[in-house]
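S.K.: Attaching a single structure in structure tokens format; questions to follow.
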Amino acid sequence: MTQVTSSFEAEETACSEQSDPLVRSSVILEGCETERRGLEIGPYFQPVTDRSVHDVLYVDCCDEGELQRKFHENPEAVGKQLPAIDAIWAPGRPLADCVGYEPFYYAVASRVFEHVPNPVGWLGEILDVLQPGGVIALVVPDHRRTIDYFRSPTTLAQVIGWSIEKPVRPTPTQVMEFLSETFEDDGTINFDGDVPPFRELKRHYTDQDALGFAQFVEREKYYLDVHCTVWTPESFVDVFSQVITLGQLDCEIIGPIAGFVGNGPEEFLVYLQKKKPAKAGVPSGI
Numbered sequence: 003m004t005q006v007t008s009s010f011e012a013e014e015t016a017c018s019e020q021s022d023p024l025v026r027s028s029v030i031l032e033g034c035e036t037e038r039r040g041l042e043i044g045p046y047f048q049p050v051t052d053r054s055v056h057d058v059l060y061v062d063c064c065d066e067g068e069l070q071r072k073f074h075e076n077p078e079a080v081g082k083q084l085p086a087i088d089a090i091w092a093p094g095r096p097l098a099d100c101v102g103y104e105p106f107y108y109a110v111a112s113r114v115f116e117h118v119p120n121p122v123g124w125l126g127e128i129l130d131v132l133q134p135g136g137v138i139a140l141v142v143p144d145h146r147r148t149i150d151y152f153r154s155p156t157t158l159a160q161v162i163g164w165s166i167e168k169p170v171r172p173t174p175t176q177v178m179e180f181l182s183e184t185f186e187d188d189g190t191i192n193f194d195g196d197v198p199p200f201r202e203l204k205r206h207y208t209d210q211d212a213l214g215f216a217q218f219v220e221r222e223k224y225y226l227d228v229h230c231t232v233w234t235p236e237s238f239v240d241v242f243s244q245v246i247t248l249g250q251l252d253c254e255i256i257g258p259i260a261g262f263v264g265n266g267p268e269e270f271l272v273y274l275q276k277k278k279p280a281k282a283g284v285p286s287g288i
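Sequential numbering of the sequence shown, starting at 3, is according to the working numbering.
Here it is as structure tokens:
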């Protein structure tokens, strides 16, 4: 089963490495109070923050053994270093329990959000550990320039449904969609031009493979790492503006920022800022 993770992970890493890492990091962190305590979720071997500069806690859903396995299987990791993880955010366990309820003022997650099976619940748990006014900085792939090109953007109904169902691992539907609707990007696809029809492109997995994996994850309760959601800058703002209006997240959206300096063209940056408590009104006559 390990092949499913490594097969598309290398493509995703290669895309993000087309950017200038130092410039990219500085732009992402511009919206964060980096002089204060922060979190980085899923830093893998390309953290946005720098432990030698920032007071930051590294969090991942995988334990050290699983991270090492993924690291050694990814050809893009050659010559890189894997930073130590401070806290494991195990599926189904509240983030606050994992990080010790200490105050944090920002959180960063680069190329992580699309892997989350319950995005509203996930964002809510991060907001819960942030101080009022704290910011989540998300770097999210624009599916129109990735192997998710042919997939439809994630909808409000889907994210609300998952927030009610609370899946702790990618669902059979999410697995089936990802494996049956993505292709192998060998670097020759011109996303600014005419993309060949899906049927003409090389795929990692057949529909029969996808069905088998979807059945497997349900039967074995197996965590298969896939892209659970699909976004454009516009669809992200549209969906999460509605989520906020429905009272499901207590935050404001800042952005999105597409084509920011130092990034690859396939990703966008967006911030979610936790709302500050409303100030009490001044009694009349004072």
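Quick reminder that beta carbons are idealized off the backbone N, C-alpha and C, glycines included.
Since the model is a prediction, treat every value here as computed from it, not as a measurement.
Going by DSSP, what residues sit across from Ile-301 in a beta bridge?
M.R.: With the chain running from 3 to 288 in the structure shown, residue 301 is simply not present.
S.K.: For Glu-254, list the residues DSSP reports as bridge partners.
M.R.: Gln-275
S.K.: Can you tell me the Cα-Cα spacing of Pro-267 and Leu-158, whole angstroms?
M.R.: 25 Å
S.K.: Please name the residue, chosen from Phe-152, Glu-254, Tyr-103, that lies closest to Thr-234 on a Cα-to-Cα basis.
M.R.: Phe-152
S.K.: If contacts are defined as beta-carbon pairs under 8 Å, then Phe-115 and Leu-41 qualify, I think. What distance do you get, rounded to the angstrom?
M.R.: The pair is not a contact, with the Cβ atoms about 14 Å apart (cut-off 8 Å).
S.K.: Out of Val-137, Thr-156, Val-131, which has the shortest C-alpha to C-alpha gap to Pro-143?
M.R.: Thr-156
S.K.: Based on Cα-Cα distance, which residue from Gly-249, Thr-247, Ser-237, Lys-278 lies nearest to Val-272?
M.R.: Ser-237
S.K.: For Tyr-225 and Tyr-46, what's the separation of their Cα atoms in angstroms?
M.R.: 18 Å
S.K.: Quick one: give me the first and last residue of the beta strand (DSSP E) that Leu-226 is part of.
M.R.: Element bounds for Leu-226: n/a, residue is neither H nor E.
S.K.: Between the Cα of Trp-164 and those of Ile-255, Val-122, Glu-254, Lys-277, spot the shortest distance and give me the residue it belongs to.
M.R.: Val-122
S.K.: Grab the span of the alpha helix (DSSP H) containing Asp-130 for me, first residue to last.
M.R.: 121 to 131
S.K.: Please state whether the Cβ-Cβ distance between Ile-90 and Asp-62 is less than 8 Å.
M.R.: yes
S.K.: Take Leu-132 and list the residues in its own chain whose beta-carbon comes closer than 6 Å to its own, dropping the five residues that flank it on each side.
M.R.: Phe-106, Lys-276
S.K.: Pro-85: which of Phe-218, Ala-111, Glu-37, Arg-53 sits nearest, CA to CA?
M.R.: Arg-53
S.K.: Whole angstroms are fine: how far does the CA of Glu-179 sit from the CA of Gln-210?
M.R.: The alpha-carbon atoms of Gln-210 and Glu-179 are separated by roughly 12 Å.
S.K.: Quick one: Cα of Ile-216 to Cα of Leu-181, how far?
M.R.: For clarity, residue 216 is Ala in the given sequence; the question names Ile instead. Approximately 9 Å between the Cα atoms of the pair.
S.K.: Roughly how many angstroms lie between the CA atoms of Gly-249 and Pro-258, to the nearest whole one?
M.R.: 21 Å
S.K.: Would you list the residues sitting across from Ile-90 in a DSSP beta bridge?
M.R.: Asp-62
S.K.: Going by other Cβ atoms of all chains shown within 10 Å of its Cβ, with 16 needed for buried, is Glu-269 buried or exposed?
M.R.: buried
S.K.: Let me check one thing: in DSSP terms, what residues is Pro-174 bridge-paired to?
M.R.: Answer by DSSP bridge pairing: none, since Pro-174 is not bridged.
S.K.: What are the partner residues of Glu-269, as DSSP defines its beta bridges?
M.R.: Pro-143
S.K.: In the structure shown, what three-state DSSP assignment does Glu-167 receive?
M.R.: helix
S.K.: What's the C-alpha gap between Glu-254 and Ala-212?
M.R.: 37 Å
S.K.: If you draw a straight line from the C-alpha of Tyr-207 to the C-alpha of Val-228, how long is it?
M.R.: 13 Å
S.K.: DSSP on Gly-249, reduced to helix/strand/coil?
M.R.: coil
S.K.: Since I believe Pro-174 is in contact with Glu-220 (beta carbons under 8 Å), could you give me their beta-carbon distance rounded to a whole number of angstroms?
M.R.: 5 Å
S.K.: Could you spell out the range, first to last residue, of the alpha helix (DSSP H) harbouring Trp-30?
M.R.: Per the sequence shown, the amino acid found at residue 30 is Ile instead of Trp. Unbroken alpha helix (DSSP H) run through Ile-30: 23 to 31.
S.K.: Our contact map puts Thr-51 next to Val-110 with C-beta atoms below 8 Å; I'd like the distance itself, whole angstroms only.
M.R.: That pair is a contact at about 6 Å.
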